[in-house]
Amino acid sequence: ANWMSSLPDSTPLAHLNIPGLHDAATWNYSQATQDALAPATRCDGEIIYPAPVYRCQRRGMAAALDAGARFFDLRVALDPPDQNLVFWHSSALVSAGATVEDVLFGFYAWLETHGGETVLLSFQYEAGTRANATFDGRARGLLRGVLGGGVARRYVRQDGGGYLGMLGESRGKIVLVRRFDLDGEDGEGEEGGSGLPGLHLSPTKWPDNDPDAFALVYNETTNATAYVEDYYEPDALGTNSTVEENVATKFRAVRAHLEKAAAAYTADGGAEDTDSLFITFASAEHNTNIPPVVPETMALGNGTDATPDGGVNHQLVPLLQELRGSRLGIVVVDFFDEPAELVGLII
4 ANWMSSLPDS TPLAHLNIPG LHDAATWNYS QATQDALAPA TRCDGEIIYP APVYRCQRRG
64 MAAALDAGAR FFDLRVALDP PDQNLVFWHS SALVSAGATV EDVLFGFYAW LETHGGETVL
124 LSFQYEAGTR ANATFDGRAR GLLRGVLGGG VARRYVRQDG GGYLGMLGES RGKIVLVRRF
184 DLDGEDGEGE EGGSGLPGLH LSPTKWPDND PDAFALVYNE TTNATAYVED YYEPDALGTN
244 STVEENVATK FRAVRAHLEK AAAAYTADGG AEDTDSLFIT FASAEHNTNI PPVVPETMAL
304 GNGTDATPDG GVNHQLVPLL QELRGSRLGI VVVDFFDEPA ELVGLII
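Encoded structure:
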């Protein structure tokens, strides 16, 4: 749980290999949860899928921190009464009780006892939650308050303008990654008028389900860039593809991006820009397939001869062993706890 503590303060965060969780808040989402919250978990005229479509983890964020994960992908929107920010995954309300502020206090408490570590929290406004829900003034105001208010200012590193920086200045702190635009921001990637710190990875510059990795400049002054692979649904396969085809297609995208990340760093561990960052999402699904390939199946396989090499997570193991010692950046996975050695191999 303290793997960062032994590293030099002068280590650029962009040079670390950081395990991450995709849709980290979905760990205890179940069919019983969905049934209980059925009136709230509807989309604009769309059918709600069974719970396994939305569940991307099976262990909580505290367990993930203790296992070594340091990047958390969090999707938020207003609760049904429009009172609090809570966690959603598409049209699925993950919990009616756990607010964004509650979870942040959990991270603050963990950092109090792990002062040599840092955590990157990626916040995204989740569209398609409730009928007619939008990222309106109330949602924006609450998000600005919870991420920039008094308590947050103590634990969230306060520099902005697209600066990732060094480990030393980040110890005991949260580095905010903002995948949303606020008033005063124009998608150019810098702090603008938002009043919030951290990296601004504007959704206007993040292509949806791009089968090819893309580059997102988040600091026009320094040309600091995020190189991202986020091919989350291999829909080019059509709707009658096999599980093995889906896993293989996603894994090809993951392999190509991790190899690109490894090649971007010189033999002595340097890079052209200490704030340029690689982010590889090894998470995916193909829920429109018949039958659906849900996140757990994509990550872990289906336990039959149809996936003889397991899912993406299992196939990552030999690749990570092959790339051992290379700098890979942030590697974001579903069901982080399987195989057991996965998080350690990313580090």
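Residue numbers (our numbering): 4 to 350. A virtual CB, placed ideally from N, CA and C, is assigned to each residue, including glycine. In this text the structure is predicted, and so the values were computed from the model without any measurement.
Non-local C-beta neighbours of A4 in its own chain, meaning closer than 6 Å and more than five positions away in sequence, comprise D69, ordered along the chain.
Sorting T245, G328, L167 by C-alpha distance to the C-alpha of S13 places L167 at the top.
As the crow flies, the alpha-carbon of A285 is around 11 Å from that of A259. Rounded to whole angstroms, R78 and L88 show a C-alpha spacing of 10 Å.
One alpha carbon belongs to L322, the other to A343, and they sit about 15 Å apart. Of the candidates A227, R182, G164, the residue whose Cα lies closest to the Cα of L146 is R182.
Straight-line measurement puts the Cα of A155 at about 12 Å from the Cα of G175. In this structure, DSSP gives R141 a helical state, which the three-state scheme calls helix. Per the Cβ contact rule, the stretch 280–299 is in contact with the stretch 213–231 (3 or more Cβ pairs under 8 Å). Of the residues H25, R133, D76, R157, the one whose Cα lies closest to the Cα of A112 is R157. Segment contact: the stretch 309–327 against the stretch 81–97, fewer than three CB-CB distances shorter than 8 Å; contact not assigned. A distance below 7 Å separates the beta carbons of P22 and G71. R182: not part of any alpha helix (DSSP H); member of the beta strand (DSSP E) spanning 176–182, first to last residue. Taking C-beta atoms under 8 Å as the contact rule, V320 and L303 fail to qualify, at a distance of about 12 Å. Along the length of the stretch 295–334, whole alpha helix (DSSP H) runs at least 4 residues long occupy 298–303, 315–325, reported in chain order. Straight-line measurement puts the Cα of H25 at about 24 Å from the Cα of I293.
Leaving aside the five residues that flank W30 on each side, the residues in its chain whose CB is nearer than 7 Å to its CB run, in chain order, Q60, R61, R62, G63. Going by DSSP, Y111 is part of no beta strand (DSSP E) but of the alpha helix (DSSP H) stretching over 103–115. Shown here, Q37 sits in a helix according to DSSP, grouped into three states.
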